[in-house]
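Position one of the sequence shown corresponds to residue 26 (the numbering used here), numbered consecutively onward. Contents: one structure, followed by commentary.
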Amino acid sequence: MSGPLMHVVVTILTILILASAAGFVLERRAKDEKAIATVRNLNARTRSWWVMVAVLGGAIWAGATTTILLFALLSFLALREFWTLTPARRGDQLALFLSFFVVLPIHYVLLLDGWYGLMSIFIPVYAFLILPALTTLSGDAKEFLSRSAKVQWGLMLTVYSVSHAPALLLLDTGTPSALMLVYLVVVVQLSDVFQYVWGKLIGRRRFAPGISPSKTLEGLIGGGLTAILIGVLLHGLTPFSPLEAAGVSAVIVTAGFFGGFVLSAIKRDLGAKDWGYVIEGHGGVLDRIDSLTFAAPLFFHITRYFWTA
Numbered sequence: 026m027s028g029p030l031m032h033v034v035v036t037i038l039t040i041l042i043l044a045s046a047a048g049f050v051l052e053r054r055a056k057d058e059k060a061i062a063t064v065r066n067l068n069a070r071t072r073s074w075w076v077m078v079a080v081l082g083g084a085i086w087a088g089a090t091t092t093i094l095l096f097a098l099l100s101f102l103a104l105r106e107f108w109t110l111t112p113a114r115r116g117d118q119l120a121l122f123l124s125f126f127v128v129l130p131i132h133y134v135l136l137l138d139g140w141y142g143l144m145s146i147f148i149p150v151y152a153f154l155i156l157p158a159l160t161t162l163s164g165d166a167k168e169f170l171s172r173s174a175k176v177q178w179g180l181m182l183t184v185y186s187v188s189h190a191p192a193l194l195l196l197d198t199g200t201p202s203a204l205m206l207v208y209l210v211v212v213v214q215l216s217d218v219f220q221y222v223w224g225k226l227i228g229r230r231r232f233a234p235g236i237s238p239s240k241t242l243e244g245l246i247g248g249g250l251t252a253i254l255i256g257v258l259l260h261g262l263t264p265f266s267p268l269e270a271a272g273v274s275a276v277i278v279t280a281g282f283f284g285g286f287v288l289s290a291i292k293r294d295l296g297a298k299d300w301g302y303v304i305e306g307h308g309g310v311l312d313r314i315d316s317l318t319f320a321a322p323l324f325f326h327i328t329r330y331f332w333t334a
């Protein structure tokens with residue numbers, strides 16, 4: 026394990042230990058029901074973070090193949106959550122079957138093979154054309170446009186977009202590719218965490234409560250600036266200078282916010298609070314990786330265009 030990566034691991038473990046200790050103390054000091062509920066939610070999130078850090082860290086330590094397979098599993102679970110909440114008709118069954126058991130595996134096999142050219146167009150070109158064409162064979166034209174759009178959105182968000190995170194392992198930036206993946210995940214996830222923390226501490230003004238009732242303007246600004254600062258401090262993991270790291274982190278934070286915000290809008294439209302209940306305190310898999318759906322593709326292409334040979 027490289028020196029910079031070891032420092033990140035030690036820092037993350039220290040934060041989790043401190044968070045667990047603080048949660049232990051706060052749970053015993055909380056008196057009223059609201060405070061008790063808040064502390065229990067924070068402790069549930071902390072326990073889930075221990076598991077998520079262990080799983081992702083173990084996959085990265087095991088190598089690129091294991092990491093890509095882990096993200097393939099996350100894409101499968103996220104796509105399943107997306108379609109569990111999204112109404113479908115009998116005429117969609119073939120498209121859904123192909124999405125789960127043909128398109129998703131082929132996409133990640135192309136990533137495992139390092140065939141970037143075909144991987145980058147397989148879903149947005151071939152799946153985009155073939156799946157609705159096959160759906161017409163069912164003869165069901167009712168709400169055909171919206172049904173086809175749901176298939177495309179599900180694949181683009183949960184498979185194509187998310188796969189750009191492990192696709193960072195294909196890039197040669199002069200630094201270990203695993204560090205670029207760690208950098209992306211740390212910045213985008215800590216942005217979410219600190220938006221929640223700052224919102225709880227100083228949040229007053231609600232930001233679009235019709236889409237995300239818990240988000241506040243103070244939380245967004247405080248969390249975003251904190252995550253950008255962390256991105257600058259971690260520039261040693263990357264080929265970025267401190268100023269470049271600030272700019273790239275700002276892109277990650279902004280894209281991550283809109284990823285979560287767009288998926289929150291979809292949930293509200295479907296009348297759901299969470300995408301699932303797999304992760305204690307966090308909801309479903311898609312609730313946890315929603316920020317990556319927008320941040321990962323932008324970070325990948327910025328890095329590929331400006332920092333690879």
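All C-beta atoms, glycine included, are put in the ideal place defined by N, C-alpha and C. It should be emphasised that the depicted structure is a prediction, and the values quoted were computed from it without experimental measurement.
Asked	Found
Cβ-based burial, residue 86 [other Cβ within 10 Å; buried from 16]	exposed
Integer Cβ distance of residue 236 from residue 313, believed to fall under 8 Å	18 Å between Cβ atoms; not a contact.
N- and C-terminal bounds of the alpha helix (DSSP H) containing residue 326	310 to 332
Residues near residue 152 in its chain [Cβ-Cβ closer than 7 Å; skip 5 each side]	128, 180
Rounded straight-line distance, which links the Cα of residue 60 to that of residue 135	49 Å
Reference residue 104, options 69, 186, 74, 93, closest by Cα	186
Of the listed residues 52, 137, 131, nearest to residue 92 (C-alpha basis)	137
Where residue 280 falls, given that 16 or more other Cβ within 10 Å makes a residue buried	buried
Cβ separation of residue 48 and residue 66, assumed to be a contact under 8 Å, to the nearest whole Å	Their Cβ separation, rounded to whole angstroms, is 10 Å, which puts residue 48 and residue 66 out of contact at 8 Å.
Separation of residue 316 from residue 284, as counted between CA atoms	5 Å
Cβ shell of residue 121 (< 8 Å), same chain only, five flanking positions each side left out	108, 113, 176
Residue 216 and residue 257 closer than 9 Å at C-beta	no
Helix, strand or coil at residue 161 according to DSSP, with G and I counted as helix	helix
Integer Cβ distance of residue 192 from residue 325, believed to fall under 8 Å	6 Å
The alpha helix (DSSP H) enclosing residue 293, as first and last residue numbers	267 to 295
Inter-stretch contact (C-beta, 8 Å, three-pair minimum) for the segment 263 to 275 and the segment 223 to 233	no
Residues near residue 37 in its chain [Cβ-Cβ closer than 7 Å; skip 5 each side]	78
When 244, 73, 298, 200 are compared against residue 328, the one with the closest alpha-carbon	200
Whether residue 321 touches residue 189 by CB criterion (9 Å)	yes
Rounded distance between the beta-carbons of residue 259 and residue 211, thought under 8 Å	7 Å
Beta carbon of residue 106 nearer than 9 Å to that of residue 295	no
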